[in-house]
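*Asks:*
2 protein chains.
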Amino acid sequence: MGNQHVTSAKSPVAEFKVGVDNVIFSVDTQRNRLLILLVKRPNDPFANYFSLPGTLVRRSESLETAAYRTLSEKIEVENLYLEQLYTFGEPGRDPREYQDAIENRYLSVSYFALVRYEDTTLITKSNKKTVWHSLKEIPQLAFDHNRIVDYGYQRLRNKLEYSPIAFKVLPEAFTLNDLYQFYTTVLGENFSDYSNFRARLLKLGFLTDTGLKVSRGAGRPAALYRFDEDAFALLKDKPLVFI
Amino acid sequence: MGNQHVTSAKSPVAEFKVGVDNVIFSVDTQRNRLLILLVKRPNDPFANYFSLPGTLVRRSESLETAAYRTLSEKIEVENLYLEQLYTFGEPGRDPREYQDAIENRYLSVSYFALVRYEDTTLITKSNKKTVWHSLKEIPQLAFDHNRIVDYGYQRLRNKLEYSPIAFKVLPEAFTLNDLYQFYTTVLGENFSDYSNFRARLLKLGFLTDTGLKVSRGAGRPAALYRFDEDAFALLKDKPLVFI
DNA sequence: ACAAAAGTGTTACCGTTACACCCATGC
DNA sequence: GCATGGGTGTAACGGTAACACTTTTGT
Numbered sequence: 021m022g023n024q025h026v027t028s029a030k031s032p033v034a035e036f037k038v039g040v041d042n043v044i045f046s047v048d049t050q051r052n053r054l055l056i057l058l059v060k061r062p063n064d065p066f067a068n069y070f071s072l073p074g075t076l077v078r079r080s081e082s083l084e085t086a087a088y089r090t091l092s093e094k095i096e097v098e099n100l101y102l103e104q105l106y107t108f109g110e111p112g113r114d115p116r117e118y119q120d121a122i123e124n125r126y127l128s129v130s131y132f133a134l135v136r137y138e139d140t141t142l143i144t145k146s147n148k149k150t151v152w153h154s155l156k157e158i159p160q161l162a163f164d165h166n167r168i169v170d171y172g173y174q175r176l177r178n179k180l181e182y183s184p185i186a187f188k189v190l191p192e193a194f195t196l197n198d199l200y201q202f203y204t205t206v207l208g209e210n211f212s213d214y215s216n217f218r219a220r221l222l223k224l225g226f227l228t229d230t231g232l233k234v235s236r237g238a239g240r241p242a243a244l245y246r247f248d249e250d251a252f253a254l255l256k257d258k259p260l261v262f263i
Numbered sequence: 021m022g023n024q025h026v027t028s029a030k031s032p033v034a035e036f037k038v039g040v041d042n043v044i045f046s047v048d049t050q051r052n053r054l055l056i057l058l059v060k061r062p063n064d065p066f067a068n069y070f071s072l073p074g075t076l077v078r079r080s081e082s083l084e085t086a087a088y089r090t091l092s093e094k095i096e097v098e099n100l101y102l103e104q105l106y107t108f109g110e111p112g113r114d115p116r117e118y119q120d121a122i123e124n125r126y127l128s129v130s131y132f133a134l135v136r137y138e139d140t141t142l143i144t145k146s147n148k149k150t151v152w153h154s155l156k157e158i159p160q161l162a163f164d165h166n167r168i169v170d171y172g173y174q175r176l177r178n179k180l181e182y183s184p185i186a187f188k189v190l191p192e193a194f195t196l197n198d199l200y201q202f203y204t205t206v207l208g209e210n211f212s213d214y215s216n217f218r219a220r221l222l223k224l225g226f227l228t229d230t231g232l233k234v235s236r237g238a239g240r241p242a243a244l245y246r247f248d249e250d251a252f253a254l255l256k257d258k259p260l261v262f263i
């Protein structure tokens, strides 16, 4: 990176359309699958390719609002976590930039979301263009969306280790095994021994026993816990690790 | 950016100018100050306020290139670390949006940079509009730049704890005290005992003794170490903590 | 009764913390 | 020789990892 005191004629400021693309994850705890929401593109560019659900930002609409709008156009869901991921904006990342004589750049602000799988219903207007797709078999996506997915998956793993986003997406009352399954599905089988995971979580003190039990087939019934926001708030900004 | 099935009257897609704003940190190890680069705005909006150095993205220029360009317009520096920080884009964050009848949004993609203070020379064209400012006494900045600074400072502390960016900015050969001072200046006095910091770092094995010593006034001369890229690469993706 | 699921306990080990202490140099 | 800065050692503590074990249910 040098020190160019650019005196030469500088190229004019670019005009942008700004898109928001969402990496929306959910965990199918029944079948132990980590899912990502994809839509099939009806039109060019990349017609019939899958892509991340996205939209162009409209007038007097914030980025986050646009992200929520995209989400609510594709799925109905109450419980979710959403945050900004990364902004991709190299020239040439969208073929539409070259359609006109005058350059019109497309910038993508990506958002990361985690939603509750069980109470999510896809909005598929009779066509099957919006689908959950297992992360393990993501096809070639439109634009640079494969890269965005990778980035989002990294973020998901980090968030899971250092912050309590799982509880935004688990049911109100859950068993410690539910929680463990959730973590296992995202982080892989050997992320931690169940007994140690259990001990760590309980020691942290923000999971309170509801007193209720649930029996799933054979075996001892499991205690139902719930996430205690207040108890958790006390641990704020303490290095919190679920490993 | 896809296929919105919206049948209601939807507001039209917004047109954006995209700015890049840099949060540029440096550490003045002599005087133990954490510094941030600010520029005084010559024109409205926010004339005579300090702001982050920034620029509008030009045609066929990538975001990162724009970030590097801004940097090189303000300072001459060889050794630095740079990464994207966050994107701010709510409507109304730039007063210029309301100048014309037709809405013209301003989006800010912020970048985080850490540069070597000692070999940085400010490019101040005879006016003193570009200055290092101690982080402890940041004034009211233009736009939403105070928020961006806060965000950048958080990132700096995190990066310092989990990644080796300090070595991008320290001299080739440095003493363990140099390193410790650096960390102390950024993270605060009580982030760790020197002897423990030292033991941890040396145990990690990517600091190699150059054999050289340096004497600074009275006291035992200090060994000069250097950062061993190769040794560090082996530890990649292992949870690396300097605390 | 026995398999299955949930939950508890134990032990060896390693990293962290908070110090006290030793070493080499300038003045 | 003593202050100054650099460097080493250590003992208490607490968390982690791996594993064995006990408890409670369904069939």
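Residue numbers (the numbering used here), protein chains in the order written: chain A, 21 to 263; chain B, 21 to 263. Note that beta-carbon positions come from the ideal geometry of N, C-alpha and C, so glycine has one too. Since the model is a prediction, treat every value here as computed from it, not as a measurement.
1) Could you tell me which chain B residues have their CB closer than 7 Å to the CB of A:Q104, listed as they occur along the chain?
2) Where does A:L196 sit, in a helix, a strand or coil, going by DSSP?
3) Using beta-carbon positions only, say whether A:V40 and A:Y131 come within less than 8 Å of one another.
4) With A:T75 as the anchor, note down where its beta strand (DSSP E) starts and where it stops.
5) Run through DSSP, which three-state label would B:M21 get?
6) In the DSSP assignment, what are the bridge partners of B:A243?
7) Span of the alpha helix (DSSP H) holding A:F217?
8) Determine contact between the segment 132 to 144 of chain B and the segment 171 to 190 of chain B, defined as no fewer than three beta-carbon pairs at a distance below 8 Å.
9) Alpha helix (DSSP H) containing A:G39: first to last residue?
10) Hey, does B:F217 have any beta-carbon neighbour from chain A nearer than 8 Å?
11) Rounded to the nearest angstrom, how far is the Cβ of B:L196 from that of B:L155, given a contact under 8 Å?
12) State yes or no: is the beta carbon of A:A34 nearer than 8 Å to at least one beta carbon in chain B?
13) Quick one: is A:L54 buried, meaning 16 or more other Cβ sit within 10 Å of its Cβ, or exposed?
14) If you drop the 5 nearest sequence neighbours on each side, which residues of the same chain put their C-beta closer than 8 Å to that of B:E35?
15) Kindly indicate which residue of A:L227, A:Y200 and A:T205 has the alpha-carbon position closest to the one of A:S215.
16) Report yes if the CB atom of A:L255 is closer than 8 Å to the CB atom of A:F226, and no otherwise.
17) Could you please tell me which residues of the segment 125 to 138 of chain A, in chain order, have their CB closer than 9 Å to any CB of chain B?
18) Which residues of chain A have a Cβ atom closer than 9 Å to the Cβ of B:L72, listed in chain order?
19) Does any CB atom of chain B fall closer than 8 Å to the CB of A:L58?
20) Rounded to whole angstroms, what is the Cα-Cα separation between A:S31 and A:S128?
21) Touch check for the segment 100 to 110 of chain B and the segment 238 to 254 of chain A: three-plus C-beta pairs under 8 Å?
22) Measuring only the C-alpha atoms, how far is B:F327 from B:N42?
23) Mind listing the chain A neighbours of B:R79? Cutoff is C-beta to C-beta under 7 Å, in chain order.
24) Quick one: which chain B residues come within Cβ less than 9 Å of A:L83?
25) Classify B:F262 as helix, strand or coil using the three-state DSSP reduction.
26) DSSP state of A:T85, grouped into three classes?
27) Among the candidates B:K223, B:R116 and B:T107, whose CA atom is the shortest distance from the CA of B:T261?
28) Who are B:L142's beta bridge partners in DSSP?
29) Could one say the Cβ of B:V38 lies closer than 8 Å to chain A's Cβ atoms, at least one of them?
30) Classify B:A9 as helix, strand or coil using the three-state DSSP reduction.
31) With a threshold of 7 Å (Cβ to nearest heavy atom), would A:R218 be considered close to the ligand NAD?
32) Quick one: using the 10 Å Cβ neighbour count with 16 as the cut-off for buried, is B:K233 buried or exposed?
33) Given that B:L222 touches chain A, what residues does it touch there, using C-beta distances under 8 Å?
34) Let's see if you can read the secondary structure: which residues bound the alpha helix (DSSP H) around A:E181?
35) Compare the C-beta of B:L76 with all C-beta atoms of chain A and state if any pair is closer than 8 Å.
36) If we ignore side chains and look at the alpha-carbon of each, how far apart do B:A186 and B:S82 end up?
*Replies:* This is what the structure gives:
1) Y106 and T107
2) helix
3) yes
4) G74 to L76
5) Residue placement at B:M21 cannot be trusted, given a pLDDT of 46 that sits under 50; the coordinates are not used to answer.
6) B:K233
7) Y214 to L224
8) yes
9) Here A:G39 belongs to no alpha helix (DSSP H); instead the beta strand (DSSP E) covers F36 to D48.
10) no
11) The pair is not a contact, with the Cβ atoms about 24 Å apart (cut-off 8 Å).
12) yes
13) buried
14) I122, E123, N124 and R125
15) A:Y200
16) yes
17) R125, Y126, L127, S128 and V129
18) Per Cβ cutoff of 9 Å: no residues; B:L72 is ~16 Å from chain A at best.
19) no
20) 22 Å
21) no
22) Missing from the structure shown is residue 327 of chain B; chain B here goes from 21 to 263 and no further.
23) S31, P32, A34 and E123
24) T107, F108, G109, E110 and L127
25) coil
26) helix
27) Note on identity: in this sequence residue 261 of chain B is Val, with Thr being the wrong assignment. If we check each option's Cα against that of B:V261, B:K223 comes out closest.
28) B:I95
29) yes
30) Only positions 21 to 263 of chain B appear in this structure, which leaves residue 9 of chain B out of reach.
31) In terms of ligand content, the structure shown is empty, and the ligand NAD therefore cannot be addressed.
32) exposed
33) Those within 8 Å of B:L222 in chain A number zero; the least Cβ separation is about 23 Å.
34) H165 to Y182
35) yes
36) 26 Å
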